[in-house]
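Position in the sequence shown counted from 1, then plus 570, gives you my numbering.
Ideal Cβ placement from N, Cα and C applies to all residues, glycine included.
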Amino acid sequence: MQDEQITPLQHNMRRLVELDDLQNTIRMLLDSIEQMEIADEQAAGDVDD
């Protein structure tokens, strides 16, 4: 099986897709942390709405 030959542009586009995926993952993790903080505050009775 031959190694796939890709152009520098294709390489960069793949990296951009990977970075976009990482950015989305980070956003989801930050959202989860925020929701956990809200739940902790509600459990402690410190709701500031």
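So for I596, helix, strand or coil by DSSP?
Taking the sequence shown and counting its residues from 1, one reaches residue 596 at position 26. Helix.
With DSSP run on the structure shown, which of helix, strand or coil describes I608?
One-based indexing of the sequence shown puts residue 608 at position 38. In the structure shown, I608 sits in a helix (DSSP, three-state: H, G or I).
Is the CB-CB distance between R584 and I596 below 9 Å?
One-based indexing of the sequence shown puts residue 584 at position 14. One-based indexing of the sequence shown puts residue 596 at position 26. Contact check for R584 against I596 fails: the beta carbons are separated by 9 Å or more.
In this structure, does DSSP put Q575 in helix, strand or coil?
The residue given as residue 575 occupies position 5 in the sequence shown. Coil at Q575, not helix or strand.
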